[in-house]
Every structure is written in C-alpha cells, then in structure tokens.
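J.: Dumping the structure here so I can ask a few things about it.
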Amino acid sequence: MKHKIIKKKDIAGFINSLIGEYRVFAPVQKGRQAFFREIGSGSEVFLDYQNTTNSPKEAFFPQSERLFAYGLDKKGLKLTVPSEEKKRVVFGIRPCDARSFSMLDPVFDGEKYKDVYYLNKRAATIVIGLGCNKPPATCFCTSVAGNPFSTDGLDLLLVDIGEEYAAEAITDKGERFMEGREGFGEASPDNMVSMGKVKESAEASMSPSVKIDGLSEKLPGLFDHPIWDSLHEKCLGCGICTYLCPTCHCFDIIDEAAESTGERVRIWDSCQFKLFTQETSGANPRPAAKDRLKQRIMHKFSYFRDNYDQTACVGCGRCILHCPVNLDIRRILAGINSI
Amino acid sequence: MQDFSKVPDDIREAAKKLLEEGKVDLVIGFEAGTVPLRSTPCFIRNKDDVKRLTWNAFCENNLARYLRKRPEGKIGIVAKGCDVRALVELIKEKQVPREKMVIIGVPCRGMIDRKRAEREVEGLQIREAVETEDRIILKGDGFEKALNKDEFLHQSCKVCSHPNPAMYDIPIGEPVKEEAPKGSSEVAEFESKPAAERWQYLSDEISRCIRCYACRDACPFCYCEECFVDSSQPQWIGKSINASDTMIFHLVRAFHMAGRCVDCGACQRACPMGIDIRKFLKKLDSDVKELYGYEAGMSLEELAPLTTFKEDDPQGFMIEP
Chain B
187 MKHKIIKKKD IAGFINSLIG EYRVFAPVQK GRQAFFREIG SGSEVFLDYQ NTTNSPKEAF
247 FPQSERLFAY GLDKKGLKLT VPSEEKKRVV FGIRPCDARS FSMLDPVFDG EKYKDVYYLN
307 KRAATIVIGL GCNKPPATCF CTSVAGNPFS TDGLDLLLVD IGEEYAAEAI TDKGERFMEG
367 REGFGEASPD NMVSMGKVKE SAEASMSPSV KIDGLSEKLP GLFDHPIWDS LHEKCLGCGI
427 CTYLCPTCHC FDIIDEAAES TGERVRIWDS CQFKLFTQET SGANPRPAAK DRLKQRIMHK
487 FSYFRDNYDQ TACVGCGRCI LHCPVNLDIR RILAGINSI
Chain E
52 MQDFSKVPDD IREAAKKLLE EGKVDLVIGF EAGTVPLRST PCFIRNKDDV KRLTWNAFCE
112 NNLARYLRKR PEGKIGIVAK GCDVRALVEL IKEKQVPREK MVIIGVPCRG MIDRKRAERE
172 VEGLQIREAV ETEDRIILKG DGFEKALNKD EFLHQSCKVC SHPNPAMYDI PIGEPVKEEA
232 PKGSSEVAEF ESKPAAERWQ YLSDEISRCI RCYACRDACP FCYCEECFVD SSQPQWIGKS
292 INASDTMIFH LVRAFHMAGR CVDCGACQRA CPMGIDIRKF LKKLDSDVKE LYGYEAGMSL
352 EELAPLTTFK EDDPQGFMIE P
C-alpha cells in the first residue's frame, strides 16, 4: 500500500481542511487527561498522549443515542427518525482501539439483524490510527493477538517518526482519502527506514503478559468454581471497566416520554450494575457482584469467542489504569489459568 | 524524627496475631498493586498470607467500604485516619457493630495522587515507584525523577486535619502531627466567586460524567439498598446522558452526605473522568461544622446533627434563608 508523510505542524491545518465536509473525532486534552471527542478545530487535536480515557467506540456507539422520536397529534402518530449520517473522520486513535471496531462490527452487523444506527456511521467513516511508539505498562495488546502498530480496523495508519508522521494507506478507501489532501507529501526511503525502526523498538518493548490460549475452553467448566469468590472480593461494582472498554457493547433501550411525545433511546448498559438483567419481578439471574464480574470475564473470553471466534479484549489496559481498586484483569486471567 | 519504616511489619505482625489467636476470621488491608504508584485492597484469611500486607503512600482506598454485610464473624481492618472516621459513622448508623471489627489503626501521612505524579513524566513509561521518607522516586527506562511527597498528595490529604485514627484497637507506629491546613479554606475560596461562575464550574465538571457511579460505589456511605438512580418505579431521573439528570445525581448524593462525609476523597479518586466531586461536598461539611459544631467520624457518642433535634439548634437558615 501507499506511503506518504505529513509534518506534525501541518496536522492542525489538515484537520481544519476536513471540518465542514466531515465530522471529526479526535483525542483532546482536558486537565490531566486525554479524551476522545468530536472537535470543531484542528488546534484541539492532542496527539502527545498514551491513550484517551474514554474509547473511540463512542463515534459509532454513543453512550446515549436517539433511535426515533414519536408524538401523537390530531392526525395520528408521528415518527421522526434521525437523518442520514454525515461523513466522519475518526482521527489519531490507537491501533488497539481500531481493532475493537472489527470486534463490534459482527455484533451490529449480524446475519439476522443489521443495526443501521451503527452501520451507517461505520460506512460513513474514515478511521485514521496513530501507532504506539511507547506502549504503557498497563497495555497487553500483544497478548490478545494485537500489536502496537496493528492495522486491523484502520483505513490509514500514522507512525510518529520525529518531526513527521509517516502515513500508510491500509485500505483503498484510505489511499483515496490521502490522495491530494492538504499537508501530505511523498515519503522518502529514509522515512520508511525510520518507520521500520520505530515499530521494531515498540514491539520489542512489549512482552506477552496474559495467557489467552485455552481460556475459552476452560471457562465454561468453571462457572461454579469457588475462585470467583476471591477474584471479585475487592470489586466495587462500578461501571468504569465496561464503560471505558472499547469492546464492551451491552446496551439497554428505554423510552423517555412526557405525555404524548417521547423518544426511544439506546443507552449503554453495564454487566457490573445491579440492574443488569434484573427482571420486572425483581428476580435477577446475576444477583451478586460476583456473578456480574464472572459475566464480564465469561463474555469477553468465552461467549464472545463462541459467537464470533474472537476474544473481546484488545489489551488497551483502560480497565487496569482506571479501576479505583486496581482489580487487574491480567491477575483475574492468571488466577483462572492457575486452576 | 519518627521511624515509619516498621509500619508494614507491625501491621503484618498484628494481623498474624489476630488470625493465629482466632480473634478475627478475616483481615482487610492493602497489598502491592500491579502497577507503579498503586496498592490494592486485599483480604487475608490465613496467617501465612499476612506477608502480602503492605503500607505505603499508595494505600488510597477507604477500606471501611468493605465492612458492611460481611458473612465473616470478626474482621480486622487496617485503617488510616479517614477510614476510621468512616467506621465511626457506620457504627453510629448501625451498619456495622463495633464488636464486629478489630481496628488496626495506622497514622497516615497522606496518599499520593498518582495521576498528578504520572503527569510529571508525561510520555515516559514508569517501571517502578520507590517511596522514601519524604519523596517518591519514579524510575523508568533511562530516567529517574524524584517528587516531593507533600506536593503530590491528594487534595483531601493536603487539607486533612485528622490523619491519626480517632478510634482503634491496635495502634501501629507513632501518631503523626495534626495541624489545621494553612491559608483560606477551599470552601471560602469557592464561595467568594459569583454564583454564575460557581454554577458554570460545577456544570463543566459534570459535563464529563459518564454515570459509571464509581464515586457512589467507592463511598463508604453510599450504601442505600436501592440507589435512587437505579429505581425504575418510580423513576427519579432519566437514564440517558442528560446534563440535568447528571446534575441531579451529584446534588442528591451531596445532600445525602451532609454531616456524614469524612472527606476521605474516595469518590474523587475513583472518578475516571477527573471530576472535582469534592466541590459538591465540602460546602456541606463546612455548614454542618459551622451550624452544629459537628465533624463526622470523630466520636461514637456525639449524635449526627441531622438525625437528632436540639432546642438550641440554629434556625436562622430556615427563617432567614
């Protein structure tokens, strides 16, 4: 595929040239953290980050999304559905997060059900990634079949080679997008060598820290194993791990109505919440925090594999970095492996 | 100079003795975390496991949160100043009987705000954080940076005036010096701003809230059987991300904390989005102190002001709001 380069100082101008034609989503800095947000100007883009606190799944699967609005007047029932999606660019995301899109795709693009809300946004989007030169200690992408420069889910990959980013077209869509764009120049052989070196050194810095092989076969037999009693003990039962996770995708659908008008809204759900799978009667198949932690692990490493032949984890480390009590998923998996 | 190096061993010794003599079934304390600058809650049932216990400037969680509704008989709990204050309130609120706990009280010199410390070496990979008497040394590939502990404490620790356990069964180490924070209080500073500016600040802060409820779940006092945000009949607030609903959650939680909050900072530390949650709580703390002369968690005898009535309770705020 084709390579180009873009100078770091030209990034803001490049982004500005997109705004208007595209909705642009990118990392921004706020306080001490980087967040993934829709931006209104190229100057907001913040690329000197390890990873954003929230994941880019929000670009396709927002936390709260109106599916349609309804109202009743003298003429009868009126439905309003959201209009066609505008073209989008998801810019500067990490390769691990881009991989999460290829895990979410089969969920929302099933044989039986096509989720138009997700799929329309996906189809209208160019995904531009930024390779990880210095993966943090909480990252374990190489343990889950990923790589700091993985191209899975990307149209274009940028690699930081000092003053410039080397841009590699991954898909035809990406190649066409880069063609004639403001700020992009031809890559020299030297640029290519620098890119190779950066990739090598980052890959060498990571050692696989979690054993995934065999988990999906082992987990179903451990449903009633006492290990869950100790694994979950310090868990607070909050929604951080699932809400920040790029692959978690459980949702609920609610009506927010007042008198004769209302909206049907899809919202994120979390298996860590008490209300998750609670039935109208009050009965709950997962009544305790232990059952819900087990659900999270089972879903990612067993059920999802059965359904989609992939592990629903990209090793981004958000759940490790942000867990208030340092309940480290690598430790949980090590515990399970040790049985 | 006080010697703090023996604290972890003293904790292990105390825990071992309690388990060995059958005085407790479980000890809740801290063990080394899986990443630099972190310790993590741990649950010890076997005397041979007490070696896992540790104590350092990274023991930031409030362990009182784990004590309610436990199936075990007696429980040993490693508790710093704010953990003990939370225990005192939980006892008064009849959530955990005093007899159920054996408090291993540890004087606290403040906990490190890891997010701020990490920012000091932005872009570099911290492999190890070493604690000395007054510093934290961050080490990584080809770099080493020393930080003054005092400058990198959590805000709640910086302004803490009760670092020593107010109640304990087994004291560890020597008490640390207690002093009221210098300078104007955080509340006075915030109050001096125009109302519109204050509202803007709080609105901006909660605009990042993702309603993960980690603040609630980390808090020792958020123990309602059914939190009002989880109720569906009646449904008190909307489930979608709406700024008014999110604000209602934070305000109701704050009001529910009046006269109970011990300013351990657990809510703020838990927040993944870096929201200044303490701002919602501190004014209520200071009002309760000013109106009723009450500080939460300081004594078992003193009744919590909002659960009782005294004839000389101030009425002014009701008559002349």
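From first to last, the protein sequence lines are chains B and E. Under our numbering, the first residue of the first sequence is numbered 187, with each subsequent residue one higher. Under our numbering, the first residue of the second sequence is numbered 52, with each subsequent residue one higher. Every residue gets a Cβ at the ideal spot worked out from N, C-alpha and C, and that includes glycine.
1) Residues in the segment 75 to 108 of chain E with C-beta within 8 Å of chain B's C-beta atoms, listed in sequence order?
2) Under three-state DSSP, which class holds E/Val78?
3) Report the residue from E/Arg149, E/Lys166, E/Ile187 whose alpha carbon sits nearest the alpha carbon of E/Tyr219.
4) Could you work out which residue in B/Ser374, B/Arg482, B/Phe490, B/Asp376 is closest to B/Thr463 when comparing CA atoms only?
5) Three-state secondary structure (DSSP) at E/Thr91?
6) Straight-line CA distance for B/Arg504 to B/Phe335?
7) Compare the C-beta of E/Ala65 against all C-beta atoms of chain B and say whether one is closer than 8 Å.
8) Whose CA, out of E/Glu71, E/Val210, E/Trp106, E/Glu230, lies closest to the CA of E/Asp61?
9) DSSP three-state label for B/Phe246, please.
10) Would you report the Cα separation of B/Gly199 and B/Ser229, rounded to the nearest angstrom?
11) In or out: B/Leu393 buried (at least 16 other Cβ within 10 Å) or exposed?
12) Going along chain B, which residues have a C-beta under 8 Å from E/Gly174?
13) Please classify B/Gly217: does DSSP put it in a helix, a strand, or coil?
14) For E/Lys145, does the count of other Cβ atoms within 10 angstroms reach 16, so buried, or fall short, so exposed?
15) Nearest chain E C-beta to B/Arg608 closer than 8 Å, yes or no?
16) Just to confirm, is the Cβ distance from E/Cys167 to B/Ala323 under 8 Å?
17) Does the distance from the CB of B/Cys509 to the CB of B/Ile426 come in under 8 Å?
18) Who are the near neighbours of B/Asp283 in its chain, counting only those whose CB is closer than 6 Å to its CB and skipping five residues on each side?
19) Between the alpha carbons of E/Ile188 and E/Tyr117, how many angstroms are there, rounded?
20) Would you list the residues sitting across from B/Asp441 in a DSSP beta bridge?
21) Within 8 Å (strictly less), CB to CB, does E/Cys275 reach chain B?
22) Give me the Cα-Cα distance between B/Gly339 and E/Gly80, rounded to the nearest whole angstrom.
23) Does the beta carbon of E/Gly127 sit closer than 8 Å to a beta carbon anywhere in chain B?
24) Please return the same chain residues whose Cβ sits closer than 7 Å to the Cβ of E/Asn199, not counting the five positions on each side in sequence.
25) Among residues of its own chain, excluding the 5 on either side of E/Met52, which ones have a beta-carbon nearer than 7 Å to its beta-carbon?
26) Judging by CA-CA distance, which residue of E/Leu77, E/Val339, E/Ser283 is the nearest neighbour of E/Met308?
27) If you draw a straight line from the C-alpha of B/Ala388 to the C-alpha of B/Thr328, how long is it?
28) Can you give, in chain order, each stretch of the beta strand (DSSP E) that sits fully within the segment 283 to 370 of chain B and has at least 3 residues?
29) Roughly how many angstroms separate the alpha carbons of E/Leu354 and E/Arg136, rounded to a whole number?
30) If you run the structure through DSSP and keep just helix, strand and coil, what is E/Ile288?
31) Where does E/Val139 sit, in a helix, a strand or coil, going by DSSP?
32) Can you name the residues of chain E whose CB is closer than 7 Å to the CB of B/Tyr429?
33) With a 10 Å radius around its C-beta and 16 neighbouring C-beta atoms as the bar for buried, classify E/Pro285 as buried or exposed.
T.: In this structure, then:
1) Gly84, Thr85, Val86, Pro87, Arg89, Ser90, Thr91, Pro92, Cys93, Phe94
2) strand
3) E/Arg149
4) B/Arg482
5) strand
6) 18 Å
7) no
8) E/Trp106
9) coil
10) 8 Å
11) Checking the displayed sequence, the identity of residue 393 of chain B turns out to be Ser instead of Leu. Exposed.
12) Asp234, Gln236, Lys320
13) coil
14) exposed
15) For residue 608 of chain B there is no data in the structure shown, the boundaries of chain B being 187 and 525.
16) Checking the sequence, you will find Arg at residue 167 of chain E rather than Cys. No, Cβ-Cβ distance for E/Arg167 and B/Ala323 is not below 8 Å.
17) yes
18) Ser241, Pro242, Pro432
19) 31 Å
20) B/Arg450
21) no
22) 43 Å
23) no
24) Asp185, Arg186
25) Note that E/Met52 scores a pLDDT of 49, beneath 50, so its modelled location is shaky; the value from the coordinates is reported in the next line. Taken in chain order, the list of residues that qualify is empty.
26) E/Val339
27) 11 Å
28) 311 to 316, 342 to 346, 350 to 355
29) 14 Å
30) coil
31) helix
32) Ile261, Cys263
33) exposed
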